[in-house]
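Undergrad:
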C-alpha cells in the first residue's frame, strides 16, 4: 500500500515536473544517420547542447524548452512522417528541421499547411525561394558559394575550368547553381566529371581532367569524404592548377583527411566559423563564432563544422524571436523571425525581410586557403 | 598509354578491396550456406578500431592487431548468438539476420565511435611512384600485396592444414564431414572468424587510401556480393578475380565511358556474364538429381 | 471463429478490411493515419513481392526499381509531358510491367543468389537513371509531384488517402488471394518446390516465372505511384537499393507465402522506427537487434510461425 | 505405330559417355521395363525421353512425331508423364493440391479471369479437385487428400507421384523406381496400380531394381549396362541371357577385385 502511494506520488511529481518544464516545444527532424549524417549529426548535437544551456539559464522568459529530435536517415518520406508527428502528435510550437534540400522540401508544405514557423538547414536556393510564409533558412545558398568562388577565380584571371562534382544532392545542386551564374564571370567549363557519393578513388576522373589542355583551375562541388579523396588523388597525379572546393567541406577534419600536404593551396568559400580565432578583434562576428566553436569542441570533442553553426543560428534566431514575441504564439513568432535584423550568427549577419527569409549576403562568406595545414583568409 | 596505366592501377587497388570482401562472403557461404551481409562491417571495424585505438595512444601496429581481434570477436559473437540459434532456418531468413546484424553493428559503431570520416597515415610514405607516366601510391602496392598474401595464405590453409581440409570438407558436404568426425559447428564458427579477420585486414590496409566511417560497410557488402557472384559463389579464386574485375570495370568505365554511369557499367557487364554463364565465371553448374 | 476466418479463402482479406475500417475509430490524430497509409502503401508492394518470393520462390533485390518507376511516372508525366496524373500512373504501371517482361526473360533463368545479384543490378540501374537524368527527374534532390485529380476531384488530405490506399490494399490482397487459388497459383507454388516436376507436368516454368515477375512489378509500381502522390514529392531514395532490401525484409519478417504476413511485415517495419525513437542514438542498435531476435524465434516469419504455434496449441 | 520409339540415343557428361546407341520401341498399353546395374544409364535415359536432357545423338519419337530435344512441358502436352527416383513432391502443398497441379494442361489458364476469380475459375477449381480426389482414390490415398504432402509416409509419396503423373492423362508414363524403398505390402499395391494403369491403355515404361516385380509385370525388358544395350526380350529370355548374368555377377566380381 505504501509502495503504491509512493509510486503515485512519484508519478504525480514527474507529470507536474514535465508540465512545469516543457512549456515551449521545439521539434526537429534531421538526417542524423545515413548519407547526410555529416550535416544532421553536428546539427543535432548543437541543438541539444544549446537548448540545455538556455534551460540552465532559465529558459525563454522563464519558460523551459523541450526539444524533440527525430532522425529521418536522409529519406524525405521519413522526414515527412516525423514532421507530421511533431506537428500533430507532439504539437510543437516551432520547427528547426531539414538537413538536406530533399528532406526540407518534404517538410515545408506541412509547416505551411499547419502554420508552424520553420527554420531549415538546407543548402539549395529552392529551400527559401520562392518565399513561403512560414519557412526560413539559415545556411548560405550554394549559389552564393559559387559566386564567391567565381569572384576569386576572376581575380586570378582564371577563365577556363574543369568541374568534378559529387553525384549526390549536395554536389549536384551546387554544380547546377554554379552553371547558372558562371556566364556572368566569363568563365568557361572545358570538361566535367562526377563521382558517386561513396567512391574511394577518383584518379580515373582526374586523369581525364589532367589530359584536357587549357584547364586553369578545377572546381569540386561536394561534401563528405569525396572532396578529401579528390584532393589526395589530385596531388598523387601531380595536377598543378588551383583546386577549389565548395563550402560542403568546411571543417578542420577535411585538412586531416585530405592530408595537409595534398590540401596545400586548396581554396574554398566558408563561413567565418572556421577561422574564428584568426578574425580581427574588431570583427563583430568574432565573439559569436569563437564562443560557438569553443563550446562545440569542448562538449563533443570533435572539430567544429559550418553545419552545426547553421543549427546554432536557427535556434538563436528562433529564441530571440520568441523572446520578442513574449511566448510561443506561432503567428507572432513567425512575424518576429521575419523582423530579425542585425543578428550576428556563425553564418554572418542576418537581416530578414518579408521577401527574403534568408537574410544573408555574400559578405557572410570568406574565401579561405589552406596553408601549412591550416585555414587562412584570402584578401 | 599513361591514362590506361592509371586506370589500371586505380582499378586494381579498388578491386583488391572488393576481392577481400568477396573472399569473406565465399568463406562463410561455403561453410554455412549463409550470405553474410554484415561482411562490410568487418572492413569498417578494421579501419575504425585501428583509428580510435591509435588516437587513444596505442602504437599503430598494435592498434591494427587490436582491430583484427575485435573483428574476430564480433565475427564469433555473430555466429554464436545470431547464426547458430537460427540453425535450420531458410537461407533468406539467415540473410535477414545478417542484415539485422549489419544495422546493429553500424548503430554500435555510430555510438561507440562517431559518425565522421577518419584516416590514418599510410604505412610506406605518401610520395607516389611514377610508372610509365602514371602514378601509384606505395599504399596501393601494399593493399595489392596484402590481398595477394591473404589469398596465398588462404590457399595454404585450405590445402595444407588439417583444419583447412576440414573446412573444405564441411563446404563440400556437411553431413559427410560430420560423419567423419569433423566438428562442423566449430568449423563454421572458424569460418566466421577467418572471414572477419580478412575483412578487418582489408579495412586496415585501405583506410589510408579510402578513409573510413561507421557506415562504409553497406556499399562494400553490395559490391563484394556482386563480385562474389560474378566469380561464382563458393569459389575463392573466383571471388578474387570477380573483385578485381568489378574494380577494373569501375575505373575503366569512369575513365573511358562515363563517370556518372560507372557503377551501371559494372552491373551491365555482370548481367551479361551471368546471361552466358549462369553460375558465374568459375562456378560449377549443379546438376539436380531427380 | 478466428481460426475459421483465417482458414477460409477470403478470411484474410476480410480481416485486413476490418482492420482498415476500425483503425480510424481509435486513432487520436491524423499522424497515426499517415503511418497507417504508409503501411498500406508498402503492404501493396510487399504483397506483390511475396507472390514472387513466397509463392514462386524467386528472389528479387530490385523491386524498388519498379516502385521508383511508378513514383517517377506520376512526377515526370504531368510535369514534363502534360499527361494527367491518373494516366501517368497507368503508363508508369504499364512501363514497369513491360520492363519486368523484357528484363525478366533472361534473368529469371538464373537461380538463387545469382538471381538476387541480377535483380540487384537491375534495380541499381533503374535508380541510377533517376539520379543522373536530372533534366527529367530533378536529380538527387528529386522533384515535386502534382496532386492526383480524378474527374475534378483532387485526391489530397490524409483522410482521403487513407481510404484510397486502404481500399487499394484490400483489392490488391483479394487479387493475390484469387491468384493463389487458381491454376496459375498452383503452378507457381509447384515451381517453388520442384521446377523439374512442374516442367514435366506440363507447366511452362519460364513463362510462369515471368508472369509472376510482371505481376509483382505492377504491384510495386502502383505502390510507388501512391507514395509519390501522397507525399507530393519523389527522390531517388524512393527507388534505392536500401528500399529493395526493406521490401524483402518486410516480406520475410511477416512471413513468406502469407498475404497477411506481408501486411504485418510492412506494419512492423513502418511502425517500429516510430516507436524506437525513444531510444534516440540507440535506435538502430534496437532495430537490428529486434530483427535478429524476430528471425531467430519466428524463423518462418511472424504470421506463419505464430500460426503454427497457436495451431499446435489448439489442435 | 509404337507409343515410344528411341533410336540410337547417345549422351555424355564431361567426356564421360553415359549412354551410347540405345534403341527400343514401346507398344501401346505395354509395360516395358528398363533394368541394369547402378550407373547403367537408366535415369539418364528417362531424363532424355522426358526432355530434361537433350541427347547428343539419336532420336526420340512419341507416336509419329519426332520430339527429340523438346522441352518437358511440350512433351507433357503430347501425352508423356513421369515420376522420379528422388521424389519431386510439392512438399508445401496438400496431397490433393499436388494432384491438382497435374491437371494444369487440362485447365483453361486465362490469367485475367484467374486474377478476378470469375465464376468459371471457381467451377474449374471444383472440377479439378473432383478429378484429383478420383485419382487419389485410384492409388488408395483418399485418406491423405487434405494433409500437407510433407506429412505423408514414404510409400504414400511414391503413389502420390503416380497419381499426379496420371492427372495429366498421359498416353505414355515413365515410372522411375516406383517401388524403391517400399515394404512388401506397399510394393504389392504399386504393382496393382501399374497393372490397372496399363489396363486403361496407357503405355508404361519402368525402371526398377525389384527384379521380382519387374519379372512379374513387364511385357518386355530392356537391359542396359554402362550406357549400352545388353539385351532385350521377355522376362524368361532376359533371365537366361548369359551376357545379362555376366553383367550383374561379373560387375560384382570386378568391384570385389578393385577393393581387394
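Chains as they are written, first to last, in the numbering used here: chain A, 902 to 1280; chain B, 2 to 291; chain C, 73 to 387; chain D, 710 to 969.
Note that beta-carbon positions come from the ideal geometry of N, C-alpha and C, so glycine has one too.
These figures come from a predicted structure and were not determined experimentally.
1) I'd like to know if residue 209(C) contacts chain B, where contact means its C-beta is closer than 9 angstroms to some C-beta of that chain.
2) Cβ of residue 204(C) less than 9 angstroms from any chain A Cβ?
3) Under the rule that 16 or more other beta-carbon atoms within 10 Å means buried, what is residue 351(C), buried or exposed?
4) Quick check on the DSSP output: the alpha helix (DSSP H) that includes residue 211(B) runs from which residue to which?
5) Nearest-angstrom Cα distance between residue 181(B) and residue 172(B)?
6) Output, in chain order, the set of chain C residues within a Cβ distance shorter than 8 angstroms of residue 279(B).
7) Would you mind telling me which residues of chain C sit closer than 8 angstroms to residue 112(B), beta carbon to beta carbon, in chain order?
8) When the Cα atoms are used, what is the spatial distance from residue 918(A) to residue 18(B)?
9) Please return the same chain residues whose Cβ sits closer than 8 angstroms to the Cβ of residue 909(A), not counting the five positions on each side in sequence.
10) Which residues of chain A have a Cβ atom closer than 7 angstroms to the Cβ of residue 349(C), listed in chain order?
11) Just checking, does the stretch 208-215 of chain C make contact with the stretch 315-328 of chain C on the three C-beta pairs under 8 angstroms criterion?
12) Locate the alpha helix (DSSP H) running through residue 1145(A), then write down its first and last residues.
13) Taking a contact to mean a Cβ-Cβ separation below 9 angstroms, would you say residue 873(D) touches residue 269(C) in this structure?
14) Does the beta carbon of residue 1205(A) sit closer than 9 angstroms to a beta carbon anywhere in chain B?
15) Over what stretch of residues does the beta strand (DSSP E) that includes residue 1278(A) continue unbroken?
16) Three or more C-beta pairs under 8 angstroms: does that hold for the stretch 63-76 of chain B against the stretch 213-232 of chain B?
17) For the pair the stretch 330-346 of chain C and the stretch 102-111 of chain B, tell me if three or more CB-CB distances fall below 8 angstroms.
18) Quick one: give me the first and last residue of the beta strand (DSSP E) that residue 938(D) is part of.
19) Can a CB atom of chain C be found closer than 9 angstroms to the CB of residue 845(D)?
20) Any idea what DSSP makes of residue 1140(A), helix, strand or coil?
21) Note down, in chain order, every chain D residue with its Cβ under 7 angstroms from the Cβ of residue 283(C).
22) Give the straight-line distance between the Cα atoms of residue 259(C) and residue 282(C), rounded to the nearest whole angstrom.
23) Using the three-state DSSP reduction, which class does residue 1260(A) fall into: helix, strand or coil?
24) For residue 101(C), which residues in chain A fall below 7 angstroms Cβ to Cβ?
25) Cα-Cα, which of 91(B), 140(B), 234(B) is closest to residue 212(B)?
26) Cβ of residue 170(C) versus every heavy atom of the ligand MN: is any distance shorter than 8 angstroms?
27) So, using beta-carbon positions, are residue 876(D) and residue 773(D) closer together than 9 angstroms?
28) Please report whether the beta-carbon of residue 109(B) lies at a distance below 9 angstroms from any beta-carbon of chain C.
29) Would the stretch 219-227 of chain C and the stretch 90-97 of chain C be scored as touching if the rule is three or more Cβ pairs under 8 angstroms?
30) Given a threshold of 16 other Cβ atoms within 10 Å of its Cβ, counted over all protein chains shown, does residue 134(C) qualify as buried or as exposed?
31) Could you tell me which chain D residues have their CB closer than 7 angstroms to the CB of residue 254(C), listed as they occur along the chain?
32) Please report the straight-line C-alpha distance between residue 1271(A) and residue 1157(A), rounded to a whole angstrom.
33) Is the distance from the Cβ of residue 1021(A) to the Cβ of residue 1038(A) below 9 angstroms?
34) In whole angstroms, give me the CA-to-CA distance for residue 1259(A) and residue 1074(A).
35) Which whole-angstrom value describes the C-beta separation of residue 922(D) and residue 889(D), a residue pair presumed to lie in contact below a C-beta threshold of 8 angstroms?
36) Would you list the residues sitting across from residue 744(D) in a DSSP beta bridge?
TA: Once the coordinates are examined:
1) Cβ-Cβ to chain B under 9 angstroms: no for residue 209(C).
2) yes
3) exposed
4) First-last of the alpha helix (DSSP H) with residue 211(B): 185-211.
5) 14 angstroms
6) Within chain C, 181, 182, 183, 186 have C-beta atoms less than 8 angstroms from the C-beta of residue 279(B), given in sequence order.
7) 353, 354, 357
8) Low per-residue confidence applies at residue 918(A): pLDDT is 46, beneath 50, and the placement is therefore not dependable, though the value from the model is reported in the following sentence. The alpha-carbon atoms of residue 918(A) and residue 18(B) are separated by roughly 54 angstroms.
9) The predicted model places residue 909(A) with a pLDDT of 49, which falls under 50 and marks its position as unreliable; any figure quoted below should be read in that light. Around residue 909(A): no qualifying Cβ.
10) 971
11) no
12) Segment 1144-1146 is the beta strand (DSSP E) holding residue 1145(A); no alpha helix (DSSP H) there.
13) yes
14) Not an interface residue.
15) 1275-1278
16) no
17) no
18) Taken as a continuous stretch (DSSP letters only), the beta strand (DSSP E) holding residue 938(D) covers 937-942.
19) no
20) Reduced to three states, the DSSP call for residue 1140(A) is coil.
21) 820
22) 12 angstroms
23) coil
24) Below the 7 angstroms Cβ cutoff, chain A contributes 989, 990 as neighbours of residue 101(C), in chain order.
25) 140(B)
26) Among the ligands in the structure shown, none appear at all, so the ligand MN cannot be discussed.
27) no
28) yes
29) no
30) buried
31) 823, 830
32) 11 angstroms
33) yes
34) 18 angstroms
35) So it is not a contact: roughly 10 angstroms between Cβ atoms.
36) 932(D)
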